[in-house]
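> In the numbering used here, the protein residues as written are 1019 to 1278.
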């Protein structure tokens, strides 16, 4: 059994992860140790190799695209040559090859790529993802009762964000509208957390005649309108933006909205 096979068995590569290619066995071991033990979070590795990168290596890691993990259709090449055919094939099948002669530089390249990818995914998911929140209206602060509704609010639980659709479950899930602005002490902000007292502007394009004091009032708690799709988008793209109590609120609200 070769040293490479021994190393692969010893490290038990992940089912999903990048490919790591290095010039020598020692360099490969050093890179793997760095990726697994010194990076937070660890970078998963699904395949390893030594020496020049060939077309077959590109083909092997391109399977990550089919597995729904395009970010791992990546080769981290440490001090190795890349065959021209491999470079051309990588472009064709959507595989990235990052090269460097210093481990930290390789890590920095991949980290920048992942940060950019995460930000793009969050921007794309923003229209679907709805953060959990329960808010109450402050009746002494009603600035405009009808579209746009402008009222003072307190965030009772969770996170209220600009773009959040609000409804009243106690009134057959009456859609109040979408939050288009949040102000605190005269300054606009995108987010308000539990305990915050804020001024909120709400627009209801589907029912612009809805009026505070007529269809609803301060006795009704308003909930962000969650769905299975919005929760999945949160889990996939904004997991690190929610604290444990926010996730507990998601569980609580799933029951309110009958989400399995």
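Backbone N, C-alpha and C define an ideal beta-carbon position, used for all residues, glycine too.
Note the first and the last residue of the continuous alpha helix (DSSP H) segment covering residue 1109.
One-based indexing of the chain shown puts residue 1109 at position 91. According to the DSSP assignment, residue 1109 belongs to the alpha helix (DSSP H) that extends over 1102-1111.
> When the Cα atoms are used, what is the spatial distance from residue 1231 to residue 1197?
The residue you call residue 1231 lines up with position 213 of the chain shown. The residue you call residue 1197 lines up with position 179 of the chain shown. Their backbone Cα atoms lie some 18 Å apart in a straight line.
> Taking the alpha-carbon positions, what's the residue 1277 to residue 1127 distance?
Position 259 of the chain shown holds residue 1277. Position 109 of the chain shown holds residue 1127. Going by the C-alpha atoms only, they are around 40 Å apart.
> What separation, rounded to the nearest whole angstrom, lies between the Cα atoms of residue 1071 and residue 1065?
Position 53 of the chain shown holds residue 1071. Position 47 of the chain shown holds residue 1065. About 13 Å.
> Tell me the residue span of the alpha helix (DSSP H) that contains residue 1077.
As a first step, residue 1077 must be located in the chain shown, where it is residue number 59. Its alpha helix (DSSP H) spans residues 1073-1079.
> At what residues does the beta strand (DSSP E) containing residue 1067 begin and finish?
Here the question's residue 1067 lines up with position 49 in the chain shown. Where residue 1067 is concerned, the enclosing beta strand (DSSP E) stretches over 1063-1068.
> Distance, Cα to Cα, residue 1207 vs residue 1142?
For the purposes of this step, residue 1207 is taken as residue 189 along the chain shown, with counting starting at 1. For the purposes of this step, residue 1142 is taken as residue 124 along the chain shown, with counting starting at 1. Cα to Cα, the separation comes out at about 21 Å.
> Write down every uninterrupted run of the alpha helix (DSSP H) in the region 1027-1057 whose length is 4 residues or greater and which is fully enclosed by it, in chain order.
Every unbroken stretch of the alpha helix (DSSP H) spanning 4 or more residues and falling wholly within the region 1027-1057 is given here in chain order: 1043-1051.
> In whole angstroms, what separates the C-alpha of residue 1224 from that of residue 1199?
Against the chain shown, residue 1224 aligns to sequence position 206. Against the chain shown, residue 1199 aligns to sequence position 181. Their backbone Cα atoms lie some 18 Å apart in a straight line.
> Would you call the region 1072-1091 in contact with the region 1153-1167, where contact means no fewer than 3 C-beta pairs closer than 8 Å?
no
> If we count the other Cβ atoms within 10 Å of its Cβ and call it buried at 16 or more, is residue 1019 buried or exposed?
As a position in the chain shown, residue 1019 is number 1, starting the count at 1. Low confidence applies here, because residue 1019 scores a pLDDT of 47, under 50, leaving its location unreliable; read the following figure in that light. Classification of residue 1019: exposed, given that the 10 Å Cβ count is below 16.
> Just checking: is the beta-carbon of residue 1276 within a distance shorter than 9 Å of some beta-carbon in chain E?
Absence of chain E from the displayed structure is noted, only one protein chain being present.
> Assuming residue 1287 contacts residue 1095 under a Cβ cut-off of 8 Å, what Cβ separation, rounded to an integer in Å, is found between them?
Outside the displayed range of the chain (1019 to 1278) lies residue 1287, so it cannot be described from this structure.
> Which runs of the beta strand (DSSP E) fall wholly inside the region 1211-1275 and span at least 3 residues, in chain order?
1215-1221, 1240-1242
> Where does residue 1196 fall in DSSP's three states?
As a first step, residue 1196 must be located in the chain shown, where it is residue number 178. Note: residue 1196 maps to strand in three-state DSSP.
> Quick one: using the 10 Å Cβ neighbour count with 16 as the cut-off for buried, is residue 1182 buried or exposed?
Indexing the chain shown from 1 puts residue 1182 at position 164. By the 16-neighbour rule on beta-carbons within 10 angstroms, residue 1182 is buried.
> Could you give the first and the last residue of the continuous beta strand (DSSP E) run that contains residue 1117?
Working through the chain shown from its first residue, we reach residue 1117 at position 99. For residue 1117, the enclosing beta strand (DSSP E) covers residues 1114-1118.
> Pull the bridge partners of residue 1175 from the DSSP assignment, please.
Here the question's residue 1175 lines up with position 157 in the chain shown. Note: residue 1175 sits in a beta bridge opposite 1152.
> Starting from residue 1278, trace the beta strand (DSSP E) both ways and give me its first and last residue.
Reading the chain shown from its first residue, position 260 is the one you call residue 1278. Careful: residue 1278 lies outside any beta strand (DSSP E) and carries neither H nor E.
> Quick one: what does DSSP say residue 1299 is sitting in, helix, strand or coil?
Beyond the ends of the chain as shown, which are 1019 and 1278, falls residue 1299; an answer cannot be given.
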